[in-house]
Amino acid sequence: MTILRTRARTGDDARRIKHRLHQLAGFGSVALLVLLARVGWMQTTHTEHFAALAAGNHLRQVPVAPPRGLIFDRHGSLLADNNVQYGLSLMPSQIGDMQATLERLRKLLPVKERELRHFRNQSRQRSYEASMLKPNLSEREIARVAVHLHQMPGVHLEAYPSRRYAYRQATAHVLGYLSAISEQDRKRIDLRHYRGMRRIGRTGIEHQYEPLLLGASGLLQAEVNSRGRILTQHDRQAPVPGANLILTLDAELQQAADEALAGMAGAIVAIEPHTGDILALVSAPGFDPHLFNHGIDAETYRKLTYNPKRPLLNRAVQGRYAPGSTIKPFMALAGLATGHATLDKRFFAGPHFKLPHYSRPFRDWKDEGHGWVTLSSSITQSCDVYFYALAHRMGINAIYDHLQPFGLGQLQQLDLPGERSGLLPSASWKRQQYGQPWYPGETVNIGIGQGYLLVTPLQLAAATATLATHGIRMQPRLLRAHNAGGVYTYIEPVMAERIALENPAWWDAVAAAMVDVVHAPNGTARRSGANAKYRIAGKTGTAQVINYGAERPDSEDLPAHIRDHSLFIAFAPAEQPRIALAVIVEHGGHGSTKAAPIARRLLDNYLLRPP
Amino acid sequence: MMQPTHILVGLRRTLEPLDRVLLVALLATLSLGLAIQYSASDTSSDVTLQHAHRIAIGLLAMLVVAHIPPKHLRRWTPAVFGLSLLLLGLVLFYGTGTGTRRWLPLGPATLQPSELLKITVPMMMAHLLGHSPMPPRFLRMLAALLLLGAAAWLVALQPDLGTATLILLVGLSVLFLSGIRLRWFIGLGGLAGISLPFAWQHALYDYQKDRILAFFNPESDPLGSGYNIIQSQIAIGSGGLHGKGWTHSTQAQFDFLPEHSTDFVFSVFAEEFGLLGVALLIALYLALLWRMVAMSDAGSSLYGRLLAGGLGLSFLLHILVNIAMAVGYAPVVGLPLPLMSFGGSAMISTMIAFGMIMAIRRSALTRPA
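Line order of the protein sequences matches chains A and B.
Sequential numbering of the first sequence, starting at 0, is according to numbering that gives the first Met the number 0.
Sequential numbering of the second sequence, starting at 0, is according to numbering that gives the first Met the number 0.
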């Protein structure tokens with residue numbers, strides 16, 4: 000009985016186990032089917048959503064930067080192109096002992112203190128990405144580092160695209176440079192045009208023609224793994240290279256102009272008169288544009304900005320100078336046009352000019368005065384008293400009306416950023432600016448290019464070119480043509496102004512007087528005209544930096560920083576001008592001592608060059 | 000002369016305990032596992048061979064265990080369970096692993112003692128509870144609960160919360176099979192509910208909390224804790240009805256899906272073979288489950304029935320938790336998908352479980368009427 004009962008009980012127990020097991024297994028099976036339903040839901044109605052996510056995971060559209068357009072001079076000499084440079088970059092997150100790694104690297108490479116500081120700053124700000132310790136490695140340095148790279152995780156040789164300027168500082172101001180796209184740029188530009196690019200044209204031609212030089216980014220479809228490494232890639236859309244620019248510059252002249260200004264501060268602008276083509280545009284001192292190629296460090300930049308000679312300033316278009324006596328040919332033409340001067344009338348020029356009711360005399364640079372002069376000889380000898388009197392007779396408004404067409408004190412609309420207008424004063428300007436009337440004494444000073452009158456070297460050169468073309472003022476320009484994808488586009492010169500004189504012979508008369516400046520025995524720039532194989536029409540100018548009033552000490556005796564600016568304008572050959580230029584040497588003293596010899600050298604360079 | 004026949008007879012006797020239905024379903028599932036390992040390893044023949052090697056060892060272990068009469072198993076149970084607890088204790092001191100101590104170096108191989116526990120816990124529970132009359136008395140139940148708690152606690156210390164929970168659930172399910180009244184379970188559930196906030200405060204590591212939080216809101220940290228869940232769902236969902244084809248998983252090959260050979264192998268499988276493949280796999284799992292249930296039903300002893308039932312439910316729980324995790328229905332816990340995931344200890348312990356169930360079935364068949 001017991002056995003039987005036990006058996007029966009065991010059977011009950013077995014049945015209960017079976018029952019409960021079926022319950023649990025049944026419940027679990029239903030749960031498994033629910034999971035199957037979930038998978039089914041994910042894999043049917045929602046599969047496109049997940050497929051897109053999966054594709055987004057491993058397919059990346061990688062933008063490919065286009066090669067930036069090249070820049071050539073008018074003869075096809077390369078001014079700017081692209082190359083690849085190598086730098087040593089460190090990924091802080093992959094480096095355990097940064098100090099040890101840096102010490103080790105410094106044994107392999109000379110790393111300057113300021114490069115180290117720059118790196119530390121950068122890597123602090125962006126520790127999740129690589130920062131460059133030392134850009135611009137030489138081949139020897141690359142080789143030395145490469146051998147040790149495998150022992151230093153987190154240290155990489157990084158290739159970066161770089162801009163190379165064949166003439167370095169000679170073209171620094173006119174071509175400008177590239178620098179990293181800044182926060183302000185991001186607000187201004189359409190970032191879609193800059194996919195894959197890190198730099199933007201900052202100044203000069205690089206900035207002015209950014210849209211042409213830029214090109215269009217391409218797209219690369221790449222398969223990447225979860226660590227972002229590219230496994231395979233195929234082109235989706237090839238990048239479109241930027242347009243090549245053909246500038247009006249003459250590289251040889253540009254370089255000669257830069258060399259001529261070596262060690263000085265000043266500017267030179269040379270123009271082809273009948274086209275307005277800028278042949279040379281130089282500002283000194285210059286700087287090495289390559290400094291900006293891979294993010295200039297703060298210290299070097301500070302040195303450039305705080306340098307009292309202001310190398311970053313483009314004096315050719317931004318420097319404002321009193322034209323001094325270089326204004327005289329223009330004043331002469333204004334006098335002829337208004338009838339306040341005639342070619343044949345003789346004038347006695349004493350040591351000074353006196354205005355009624357003015358106690359102070361306006362002195363001539365020549366203490367004893369020039370004696371009997373004509374309009375022409377006043378230009379040749381640079382007689383101040385003649386032009387004091389002429390200016391006084393004309394009055395400021397007539398002067399304004401007749402100098403303005405030459406573009407003096409006017410923006411030239413040159414295709415270069417940052418141009419400044421200078422100042423051609425008038426009575427209404429003074430009333431507006433200072434709420435004061437114009438005083439006659441202020442007009443007298445304008446007659447010799449002093450006072451309120453301020454011009455840029457570019458304006459002076461363009462005005463001189465207008466003398467050469469007998470009044471046809473061409474719009475100065477730097478871009479001659481561009482070439483995008485084999486499509487060559489030449490840009491037609493544009494006339495800005497045509498100055499018609501009652502008597503066209505007045506042009507020749509003033510030009511003749513300017514030829515005498517250089518070639519006559521009494522010309523102020525006669526030393527610079529010696530042995531010239533062609534004839535130069537020029538005019539010296541000496542602009543006072545400080546107003547001494549009646550006493551005018553000899554400039555050569557003054558300390559350099561208050562010495563007069565030396566100016567010279569010229570066009571040549573006088574009979575059939577091919578080039579007009581303006582040279583300004585800051586604190587260079589008399590126009591004939593510094594500026595004129597430089598102009599002669601440059602004219603020789605351009606006109607006597609073997610074909 | 001008679002030798003070929005002898006060999007045949009010997010072979011038949013050797014293979015005799017193997018259940019044919021179970022064997023066929025097993026081999027089919029293992030083949031799918033081998034195929035997916037080849038693909039998940041980016042067609043590495045080394046990895047695939049290693050997996051095949053483990054399958055072979057597992058099959059051999061299953062065959063050996065299938066020959067052991069359940070009464071022997073029962074006799075050895077306390078010793079085997081004690082040994083597994085000892086190993087579990089050792090792993091806490093000598094174990095290896097990244098951040099946790101789960102593996103015990105054992106000569107050239109490593110052993111994961113918690114995998115061993117997945118067999119010895121049902122054995123021990125069946126040993127304690129498989130007495131007539133059922134349900135077991137309170138003291139027995141208490142003893143079973145204490146031993147179960149100790150085992151789960153040791154695993155939780157590694158720390159391996161997923162496996163600890165699973166072991167706990169397997170033990171409790173054996174307790175349930177043994178006929179414990181439901182009110183005990185309700186009481187236990189209530190106790191667990193009360194202790195949950197304390198456990199959250201004091202017992203869980205931050206990474207464990209992160210995983211649980213990430214489960215509820217994976218988008219909150221898509222590159223951190225939520226990453227696995229999101230990538231797994233992307234893998235499964237992008238598979239579609241037919242899948243991307245064998246060896247064409249982009250999620251695994253481009254390394255977006257972590258642990259794609261082990262914990263998330265289901266996701267790779269679903270990505271490559273699609274809904275049709277998943278349906279086939281689940282059908283195979285259900286077939287294996289119900290065959291095990293049927294074999295438990297046929298068991299000749301209460302011990303055998305409880306053990307077979309417990310092992311079957313353990314198998315089911317693994318599948319449920321793993322797939323639920325892959326589809327985003329459960330937090331990320333490091334539980335393998337039986338017969339599919341890469342991992343020697345889990346493979347061998349699963350095969351041993353099958354061997355035991357076969358042995359239990361065999362004892363019923365061979366028992367004299």
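No residue lacks a Cβ here, since even glycine has one placed at the ideal position from N, Cα and C.
Computed from a predicted model, the values in this text were never measured in an experiment.
Using beta carbons (cut-off 8 Å, strictly below), is residue i in contact with chain B?
| i | result |
| --- | --- |
| A:Q42 | yes |
| A:V110 | no |
| A:L20 | yes |
| A:V38 | yes |
| A:R15 | yes |
| A:H233 | no |
| A:A480 | no |
| A:L23 | yes |
| A:S28 | yes |
| A:E219 | The amino acid at residue 219 of chain A is misidentified as Glu; the sequence shows Leu. With 8 Å as the cut-off, A:L219 does not count as an interface residue toward chain B. |
Have a look at residue i and residue j and give me their C-alpha separation to the nearest angstrom.
| i | j | result |
| --- | --- | --- |
| A:A549 | A:W371 | In this prediction, A:A549 has a pLDDT of 46, which is less than 50 and means its spatial position is unreliable; what the coordinates show is noted afterwards. Their Cα atoms are separated by approximately 23 Å. |
| A:R392 | A:H339 | 7 Å |
| B:H5 | B:H66 | 19 Å |
| A:E496 | A:M131 | 52 Å |
| A:Q207 | A:A426 | 35 Å |
| A:A266 | A:Q458 | 12 Å |
| A:A259 | A:W428 | 37 Å |
| B:E15 | B:L240 | 40 Å |
| A:I490 | A:N482 | 11 Å |
| A:V454 | A:A462 | 10 Å |
| A:G39 | A:V33 | 10 Å |
| A:K365 | A:G349 | 9 Å |
| A:K186 | A:T592 | 50 Å |
| A:L452 | A:P355 | 23 Å |
| A:N135 | A:F118 | 14 Å |
| A:Y387 | A:L478 | 40 Å |
| B:F263 | A:K302 | 59 Å |
| A:Y305 | A:V173 | 21 Å |
Am I right that residue i and residue j are in contact with their C-beta atoms under 8 Å? What's the rounded C-beta distance?
| i | j | result |
| --- | --- | --- |
| A:Q232 | A:L218 | About 11 Å separates the two Cβ atoms, so there is no contact after all. |
| A:L342 | A:A508 | 5 Å |
| A:T541 | A:D563 | 5 Å |
| A:A467 | A:P272 | 4 Å |
| B:G327 | B:A125 | Contact doesn't hold; Cβ gap of about 35 Å is too wide. |
| A:D249 | A:Y605 | 7 Å |
State yes or no: is the beta carbon of residue i nearer than 8 Å to at least one beta carbon in chain A?
| i | result |
| --- | --- |
| B:I318 | yes |
| B:G225 | no |
| B:G236 | yes |
| B:G446 | A query on residue 446 of chain B cannot be resolved here, the shown segment of chain B reaching from 0 to 368 and no further. |
| B:V63 | no |
| B:A269 | yes |
| B:L171 | no |
On the DSSP letters alone, give me the boundaries of the beta strand (DSSP E) that residue i sits inside.
| i | result |
| --- | --- |
| A:Q220 | G217 to V223 |
| A:K106 | Run containing A:K106: none in the beta strand (DSSP E); it sits in the alpha helix (DSSP H), M97 to L107. |
| A:L410 | Looking at the DSSP string, A:L410 is not in any beta strand (DSSP E), and its letter there is neither H nor E. |
| A:K365 | Looking at the DSSP string, A:K365 is not in any beta strand (DSSP E), and its letter there is neither H nor E. |
Could you spell out where the alpha helix (DSSP H) holding residue i opens and where it closes?
| i | result |
| --- | --- |
| A:K302 | A297 to Y305 |
| B:L110 | No alpha helix (DSSP H) contains B:L110, which is instead part of the beta strand (DSSP E) from A108 to L110. |
| A:Q458 | P456 to A467 |
| A:T46 | T46 to H57 |
Whose C-alpha, out of the options, is nearest the C-alpha of residue i?
| i | options | result |
| --- | --- | --- |
| A:D287 | A:I378, A:G323 and A:Y166 | A:Y166 |
| A:G175 | A:G406, A:G417 and A:L332 | A:G417 |
| A:L521 | A:F361, A:K538 and A:K532 | According to the sequence displayed, residue 521 of chain A carries Asn and not Leu. A:N521 has its Cα closest to that of A:K538, out of A:F361, A:K538 and A:K532. |
| B:I347 | B:T95, B:G9, B:S113 and B:W75 | B:S113 |
| B:S30 | B:R53, B:W102 and B:D45 | B:R53 |
The ligand NAP heavy atoms versus the CB of residue i: any closer than 7 Å?
| i | result |
| --- | --- |
| A:Y164 | Inclusion of the ligand NAP in the displayed structure is not the case, the ligand content being empty and no account of it being possible. |
Exercise for the section: Residues of the stretch 302–315 of chain B with a CB closer than 8 Å to any CB of chain E: list them in chain order, please. Expected result: Given the protein chain composition of this structure (A and B), no chain E is represented.
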